[in-house]
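Protein sequences, first through last, are from chains W and X. The opening position of the first sequence corresponds to residue 4 in the numbering used here, with each subsequent residue numbered one higher. The opening position of the second sequence corresponds to residue 4 in the numbering used here, with each subsequent residue numbered one higher. Where a beta carbon is used, it is the ideal one built from N, C-alpha and C, also for glycine. Here the structure is a predicted model, which is why all the values come from computation and not from measurement.
2 protein chains.
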Amino acid sequence: MTSKTERPRRLGEFELIGRIFAPLATGVPGAFDLADDVALIAPPPGREIVLKTDSLIEGVHFRRDDPPSTVGRKALRRALSDLAAKGAEPSAYLLALALPQWIDVPWLEEFASGLASDQADFGITLVGGETDATSGPVTITVTAVGFVPEGTLVRRKGASPGDIVFVTGLIGDAGAGLAILSGFLASSPTSAREALISSFRTPIPHLAFGQALRGIASAAVDVSDGLIADLGHIADVSGVRIEVDAVRIPLSPHLQGLKGSGLDVRIDAATAGDDYEIAFTAPPESTPAIRKAELQTFTPVTAIGRVVPGEGAVLLDPSGREIALERRGYTHF
Amino acid sequence: MTSKTERPRRLGEFELIGRIFAPLATGVPGAFDLADDVALIAPPPGREIVLKTDSLIEGVHFRRDDPPSTVGRKALRRALSDLAAKGAEPSAYLLALALPQWIDVPWLEEFASGLASDQADFGITLVGGETDATSGPVTITVTAVGFVPEGTLVRRKGASPGDIVFVTGLIGDAGAGLAILSGFLASSPTSAREALISSFRTPIPHLAFGQALRGIASAAVDVSDGLIADLGHIADVSGVRIEVDAVRIPLSPHLQGLKGSGLDVRIDAATAGDDYEIAFTAPPESTPAIRKAELQTFTPVTAIGRVVPGEGAVLLDPSGREIALERRGYTHF
Numbered sequence: 004m005t006s007k008t009e010r011p012r013r014l015g016e017f018e019l020i021g022r023i024f025a026p027l028a029t030g031v032p033g034a035f036d037l038a039d040d041v042a043l044i045a046p047p048p049g050r051e052i053v054l055k056t057d058s059l060i061e062g063v064h065f066r067r068d069d070p071p072s073t074v075g076r077k078a079l080r081r082a083l084s085d086l087a088a089k090g091a092e093p094s095a096y097l098l099a100l101a102l103p104q105w106i107d108v109p110w111l112e113e114f115a116s117g118l119a120s121d122q123a124d125f126g127i128t129l130v131g132g133e134t135d136a137t138s139g140p141v142t143i144t145v146t147a148v149g150f151v152p153e154g155t156l157v158r159r160k161g162a163s164p165g166d167i168v169f170v171t172g173l174i175g176d177a178g179a180g181l182a183i184l185s186g187f188l189a190s191s192p193t194s195a196r197e198a199l200i201s202s203f204r205t206p207i208p209h210l211a212f213g214q215a216l217r218g219i220a221s222a223a224v225d226v227s228d229g230l231i232a233d234l235g236h237i238a239d240v241s242g243v244r245i246e247v248d249a250v251r252i253p254l255s256p257h258l259q260g261l262k263g264s265g266l267d268v269r270i271d272a273a274t275a276g277d278d279y280e281i282a283f284t285a286p287p288e289s290t291p292a293i294r295k296a297e298l299q300t301f302t303p304v305t306a307i308g309r310v311v312p313g314e315g316a317v318l319l320d321p322s323g324r325e326i327a328l329e330r331r332g333y334t335h336f
Numbered sequence: 004m005t006s007k008t009e010r011p012r013r014l015g016e017f018e019l020i021g022r023i024f025a026p027l028a029t030g031v032p033g034a035f036d037l038a039d040d041v042a043l044i045a046p047p048p049g050r051e052i053v054l055k056t057d058s059l060i061e062g063v064h065f066r067r068d069d070p071p072s073t074v075g076r077k078a079l080r081r082a083l084s085d086l087a088a089k090g091a092e093p094s095a096y097l098l099a100l101a102l103p104q105w106i107d108v109p110w111l112e113e114f115a116s117g118l119a120s121d122q123a124d125f126g127i128t129l130v131g132g133e134t135d136a137t138s139g140p141v142t143i144t145v146t147a148v149g150f151v152p153e154g155t156l157v158r159r160k161g162a163s164p165g166d167i168v169f170v171t172g173l174i175g176d177a178g179a180g181l182a183i184l185s186g187f188l189a190s191s192p193t194s195a196r197e198a199l200i201s202s203f204r205t206p207i208p209h210l211a212f213g214q215a216l217r218g219i220a221s222a223a224v225d226v227s228d229g230l231i232a233d234l235g236h237i238a239d240v241s242g243v244r245i246e247v248d249a250v251r252i253p254l255s256p257h258l259q260g261l262k263g264s265g266l267d268v269r270i271d272a273a274t275a276g277d278d279y280e281i282a283f284t285a286p287p288e289s290t291p292a293i294r295k296a297e298l299q300t301f302t303p304v305t306a307i308g309r310v311v312p313g314e315g316a317v318l319l320d321p322s323g324r325e326i327a328l329e330r331r332g333y334t335h336f
């Protein structure tokens with residue numbers, strides 16, 4: 004094994020990858036130190052298992068020049084964000100890596116260090132993995148495993164006319180961060196630049212808040228493709244219409260300082276995607292419980308619209324007219 | 004939605020992909036018709052959850068000219084083979100697809116029809132999925148979900164000196180099938196050609212046999228990288244040496260008719276990979292139980308070697324000398 008240290012710049016065999024990833028799988032018996040074919044999970048009594056598989060692809064969800072530590076964290080957090088929106092507690096994850104030739108050991112080590120940091124922050128462990136060579140872009144598929152008490156999963160289906168529409172955090176920062184990295188948006192103040200790029204690279208899954216929404220939210224979704232697109236999923240499966248007031252979309256001071264807060268900025272923000280906030284609906288009488296959850300979990304929440312009879316999710320201008328959108332969110336094809 | 008039918012040759016939006024894959028997710032409440040963020044699994048009482056994530060990459064694990072229906076089935080069966088080797092009953096799977104531009108609707112429909120066929124054969128259901136565009140090769144990541152009665156998982160760790168080494172089915176057919184498809188091996192008889200290619204494209208996971216091995220096998224692994232490489236995993240984690248007699252490796256009549264049964268053919272077969280057989284160890288007194296399982300599940304089993312003190316997995320020639328191998332199996336990097 005010592006001969007491995009003689010070629011630290013090149014990706015070695017499985018053993019080398021095992022050396023990098025096996026430390027992420029310690030302390031959980033069912034991970035078998037990544038030295039078995041499968042992972043074993045013992046479900047706690049009275050809990051259902053929540054599973055989400057999500058791919059992060061170079062050139063689609065991250066840029067080759069992104070720091071490898073944030074690439075690992077973003078891959079993980081995207082899947083955790085789905086668990087958060089459903090009120091699930093994360094427990095473990097599996098990792099499938101497709102790696103092109105340019106990936107070297109330092110890249111992988113930094114990638115793994117980002118995962119290690121997030122494992123500590125979110126109380127989860129790597130339990131299984133697979134690594135393959137690819138002729139294409141880096142492709143990282145995370146399957147996140149969580150638990151919810153039986154019958155408490157917050158679904159997309161369940162929004163009713165009369166419900167209020169809420170969203171956590173800020174919308175549009177990640178899209179602006181990507182625009183800066185892509186050279187489409189100039190940003191003079193360093194602090195704004197860094198905050199927006201950080202929103203793109205390391206979104207924060209609102210796990211504690213999501214769990215607090217159990218029994219309170221009538222429907223919830225994580226905002227990945229775009230606020231309007233994802234609320235559209237709730238509208239479609241709930242059989243309702245969701246109206247969002249453009250002026251109530253929460254924009255960060257950084258974003259407003261850079262782009263202003265005009266309607267065009269709000270449309271961009273509501274359709275950019277990559278926010279990983281929780282958008283949810285709840286009846287008006289739940290508002291005190293939502294405010295309590297907001298304070299207890301330090302998660303800002305904004306009321307942005309309402310559920311009405313009809314179909315689809317729409318963005319309204321200040322006079323209450325529907326804004327014609329060129330697109331409702333990020334489309335993959 | 005009807006406008007979608009006007010462009011049947013092109014990959015459309017999510018809705019179109021949903022139309023193709025949603026029918027694979029019917030009949031299981033926790034799949035939510037693929038219209039929620041996550042999948043929900045209710046574990047049966049007294050069972051542990053077995054998870055395996057595995058990627059199938061164009062140009063690595065399958066060829067672009069492989070029929071799309073076999074591509075989907077191979078992706079699924081590779082993960083099911085891992086569950087089989089561990090004695091798990093498969094229940095469900097999640098699918099993450101990274102699709103390049105050349106993939107069209109007919110390809111996806113045929114891909115999905117292969118999955119549908121295997122779902123019926125293996126009693127499993129699609130419960131969650133994700134589709135992204137990629138600039139690289141088709142990358143299909145399956146996360147298989149299964150169950151085992153508590154404490155019955157057949158591990159890689161557990162082989163002891165004195166144990167016999169067994170393998171199911173035939174070794175080397177898939178490697179020969181790939182060689183034929185790649186033009187490295189000429190095959191005149193159509194029946195041989197088709198059988199060998201079929202072994203490469205649609206391996207058969209020995210699920211019933213794997214379940215019968217619970218409490219009988221001391222260790223087991225699925226043969227994906229190569230017989231010797233995968234037995235090496237058992238040897239490493241069990242702290243033993245595994246000796247395989249080259250002459251006892253089960254070769255198919257098709258393979259022997261094409262390449263003979265010389266030592267070089269046996270070395271190729273034992274290191275080619277993609278077999279998806281179960282290699283396992285068991286004490287000699289388990290032999291009657293293994294023969295019974297063999298008959299009950301119609302799964303041929305061959306004793307191919309022994310566990311001894313020492314380390315590593317080795318191939319022995321007819322005189323009992325270790326054969327120096329250039330490689331022990333497929334290496335990804």
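Taking 8 Å as the CB threshold, residue 139 of chain W lines the interface with chain X. The Cβ atoms of residue 95 of chain X and residue 31 of chain X lie closer than 8 Å to each other.
Rounded to the nearest whole angstrom, the CA to CA distance from residue 171 of chain W to residue 307 of chain W is 10 Å. Partner residues in the beta bridge of residue 96 of chain X, as assigned by DSSP, are X/129 and X/147. In the DSSP assignment, residue 55 of chain X falls within the beta strand (DSSP E) that extends over 50-60.
By DSSP's assignment, residue 134 of chain W forms a beta bridge with W/100. Each of W/304, W/210 and W/182 was checked against the Cα of residue 173 of chain W, and the nearest Cα belongs to W/304.
Counting every other CB atom within 10 Å of its CB across the protein chains shown gives residue 58 of chain W a total of 16 or more, marking it as buried. Interface annotation, residue 58 of chain W: in contact with chain X, CB-CB separation under 8 Å.
Ranked by Cα distance from residue 97 of chain X, the options X/54, X/262 and X/323 are led by X/54. Residue W/87 holds the alpha-carbon nearest to the alpha-carbon of residue 157 of chain W among W/142, W/196 and W/87.
Distance between residue 33 of chain X and residue 130 of chain W, taken at the CA atoms: about 23 Å. DSSP places residue 75 of chain W inside the alpha helix (DSSP H), whose first and last residues are 71-88.
The alpha-carbon of residue 175 of chain X is positioned some 26 Å away from that of residue 92 of chain X. Residue 51 of chain X counts as buried, since no fewer than 16 other beta carbons sit within 10 angstroms of its beta carbon. In terms of beta-carbon proximity, residue 159 of chain W lines the interface with chain X, with at least one pair separated by less than 8 Å.
Rounded to whole angstroms, the gap between the alpha carbons of residue 29 of chain W and residue 36 of chain W is 6 Å. Residue ranges of uninterrupted alpha helix (DSSP H) with 4 or more members, entirely inside the segment 221-266 of chain X and ordered along the chain, are 230-241 and 256-262. For residue 306 of chain X, the enclosing beta strand (DSSP E) has its first and last residue at 304-311. Residue-level contact by beta carbon fails for residue 208 of chain W and chain X, as no gap is shorter than 8 Å. The way I'd put it, the segment 188-195 of chain X does touch the segment 259-279 of chain X; three or more beta-carbon pairs between them come closer than 8 Å. By the neighbour-count definition (other C-beta atoms within 10 Å, threshold 16), residue 329 of chain W is an exposed residue. Residue pairing for residue 281 of chain X: DSSP places it in a beta bridge opposite X/225. A contact is defined here as three or more CB-CB pairs under 8 Å, and the segment 269-277 of chain X fails this definition with respect to the segment 209-216 of chain X.
In the DSSP assignment, residue 315 of chain X falls within the unbroken beta strand (DSSP E) covering 315-319. Residue state for residue 152 of chain X is assigned as strand, using DSSP reduced to three classes. Per DSSP, reduced to three states, the secondary structure at residue 142 of chain W is strand. Under DSSP, no beta-bridge partner is assigned to residue 210 of chain W. Under the Cβ criterion (8 Å, minimum of three pairs), the segment 236-248 of chain X counts as touching the segment 145-164 of chain X. According to the DSSP assignment, residue 169 of chain W belongs to no alpha helix (DSSP H) but to the beta strand (DSSP E) extending over 167-171.
Going by C-alpha positions, residue 224 of chain W is about 12 Å away from residue 82 of chain W. Contact between residue 333 of chain X and residue 84 of chain X does not hold, since their C-beta atoms are separated by about 15 Å, which reaches or exceeds 8 Å. Within the segment 37-55 of chain X, those residues whose Cβ lies closer than 7 Å to any Cβ of chain W are, in chain order, 38, 39, 40, 41, 42, 43, 44, 45, 46, 51, 52, 53, 54 and 55. According to the DSSP assignment, residue 293 of chain X belongs to the alpha helix (DSSP H) that extends over 290-299. Within the segment 216-228 of chain X, 224 and 225 place their CB atoms closer than 7 Å to a CB of chain W, listed in sequence order.
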